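Below is one structure; the comments refer to it alone.
Residue numbers (mature numbering (1 follows the signal peptide of the UniProt record, and there is no 0)): -25 to -1, 1 to 391.
This is the structure we're talking about:
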């Protein structure tokens, strides 16, 4: 409800006059307030207070809606990075399988040539070369031996070479099938990456639309709140900022308490059934038993690189130069520090050494997850010390350095 400030003040004054000793109307007043006027004044004061509460609740809901839209956009962007990362891994696997198939084919050809040479050297002109090729290709090695009358030593040698040939043939067949399968997997991964790209664009557009809509809604709510409370709009905005900061601080304290009370249960394989948790072969994921590498190994170079990008725009999927998303920036920063990280926040965590918040040192990575699992990570930042981070926050906010508690509290920490 909207009510002008004078009516609210009048209501409060009349209500006070009705209930506060010494604040009664002068008995000699020719126009004392009636009982109905006092009752109406009390109702007016109560409704004004209800309006303040409802507006504050609406502001809280708007902030939550905006945060949810931002998280959805970040999740979609990192899902695209994950799909793109997996497509890259699938392409590498397909290329590796194709190389192995060609190697197996060459080995098979060498075995065939070796067998041919043995047969020809053993039986001379008794076997025509063209006929031998036909036998090898059509009937296999055993048919040649079955038709041959050879000395035991020759027979033994032919048997050995036949076995080698059959092994090579099996390997070539298996390698060819693997190459076909991995090529199909790579094509499917490319399709999923394209779908994830479209989903990320849709989420980014939705977040931008929500931000514009919610900004206008919050502006109107703050104007109404300022009018009801009898304060300036600037002061009302300052109070909202203070309330938001208080909420974030309370969440931070709660998270720290939970981290102290609960052991780290993030299983190295906790994301094995989720595509976003895939890691390269040989990576152990969240292995907290490994000692963390030295905190200063490349950290200064990584931080210097990140600081050089301050002010550059956020673009989801970007990895520079000139624009970045969150994992693209940390990948670029640590490349300057001498460590190769993938352009995908989940894999960056799983390829690093998990640490606790108390162990944070400059250069470490700070992550935000939608759950206690690393597979839910959707944002990453570079820790610079004293509770500060450098990161590419979201669309509309450039690369910046600010408190790591600027938003919702981070959930995971790791050292490259």
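Heads up, the beta-carbon is just placed ideally off N, CA and C, and yes, glycines get one too. Here the structure is a predicted model, which is why all the values come from computation and not from measurement.
Compute the Euclidean distance between the alpha carbons of residue i and residue j, then round it to the nearest angstrom.
| i | j | result |
| --- | --- | --- |
| residue 43 | residue 142 | 58 Å |
| residue 386 | residue 367 | 17 Å |
| residue 168 | residue 29 | 44 Å |
| residue 193 | residue 272 | 45 Å |
| residue 75 | residue 61 | 21 Å |
| residue 330 | residue 319 | 19 Å |
| residue 276 | residue 63 | 27 Å |
| residue 324 | residue 85 | 46 Å |
| residue 187 | residue 296 | 28 Å |
| residue 159 | residue 153 | 10 Å |
| residue 317 | residue 356 | 14 Å |
| residue 157 | residue 144 | 20 Å |
| residue 161 | residue 311 | 30 Å |
| residue 360 | residue 51 | 29 Å |
| residue 352 | residue 27 | 37 Å |
| residue 34 | residue 205 | 18 Å |
| residue 342 | residue 354 | 6 Å |
| residue 279 | residue 228 | 30 Å |
| residue 83 | residue 65 | 27 Å |
| residue 338 | residue 358 | 5 Å |
| residue 94 | residue 87 | 11 Å |
| residue 40 | residue 32 | 12 Å |
Please classify residue i as buried or exposed, where buried requires at least 16 neighbouring CB atoms within 10 angstroms.
| i | result |
| --- | --- |
| residue 346 | exposed |
| residue 340 | buried |
| residue 207 | exposed |
| residue 209 | exposed |
| residue 392 | Nothing can be reported for residue 392: it is not among the residues displayed for the chain, which extend from -25 to 391. |
| residue 400 | Residue coverage of the chain in this structure runs from -25 to 391, which leaves residue 400 outside it and unanswerable. |
| residue 349 | buried |
| residue 96 | exposed |
| residue 135 | exposed |
| residue 45 | buried |
| residue 59 | buried |
| residue 147 | buried |
| residue 326 | buried |
| residue 300 | buried |
| residue 369 | buried |
In its own chain, which residues sit with a C-beta less than 6 Å from the C-beta of residue i, not counting the 5 before and 5 after it?
| i | result |
| --- | --- |
| residue 407 | Since the displayed the chain opens at -25 and closes at 391, residue 407 lies outside it and no answer follows. |
| residue 313 | 273 |
| residue 284 | 374 |
| residue 151 | 76 |
| residue 47 | 178 |
| residue 303 | 293, 294 and 318 |
For residue i, report the span of its alpha helix (DSSP H) as first-last.
| i | result |
| --- | --- |
| residue 305 | 301 to 311 |
| residue 390 | Careful: residue 390 lies outside any alpha helix (DSSP H), inside the beta strand (DSSP E) at 387 to 390. |
| residue 324 | 320 to 325 |
| residue 272 | Neither: residue 272 is in no alpha helix (DSSP H) and is coded neither H nor E. |
Give me, in chain order, the residues of the same chain whose beta-carbon lies closer than 8 Å to that of residue i; leave out the 5 immediate sequence neighbours on both sides.
| i | result |
| --- | --- |
| residue 298 | 287, 288, 289 and 290 |
| residue 363 | 376, 377, 378 and 379 |
| residue 37 | 189, 192, 193 and 196 |
| residue 223 | 380, 381, 382, 383 and 384 |
| residue 371 | 183, 186 and 289 |
Counting along the chain, where does the beta strand (DSSP E) carrying residue i start and finish?
| i | result |
| --- | --- |
| residue 377 | 375 to 378 |
| residue 381 | No beta strand (DSSP E) holds residue 381; DSSP gives it neither H nor E. |
| residue 314 | Careful: residue 314 lies outside any beta strand (DSSP E) and carries neither H nor E. |
| residue 289 | Per DSSP, residue 289 belongs to no beta strand (DSSP E) and is neither H nor E. |
| residue 344 | 340 to 344 |
| residue 360 | 352 to 360 |
| residue 370 | Unbroken run through residue 370: none, as it is neither H nor E. |
| residue 330 | 328 to 330 |
Would you say residue i lies against chain D (beta-carbon separation less than 9 Å)?
| i | result |
| --- | --- |
| residue 160 | The chain inventory of the structure shown lacks chain D, comprising one protein chain alone. |
Once you ignore the five residues that flank residue i on each side, which residues in its own chain have a CB closer than 7 Å to its CB?
| i | result |
| --- | --- |
| residue 226 | 383 and 384 |
| residue 49 | 353, 354 and 369 |
Segment contact flag, the segment 61 to 70 with the segment 177 to 191, C-beta cutoff 8 Å, min 3 pairs: no
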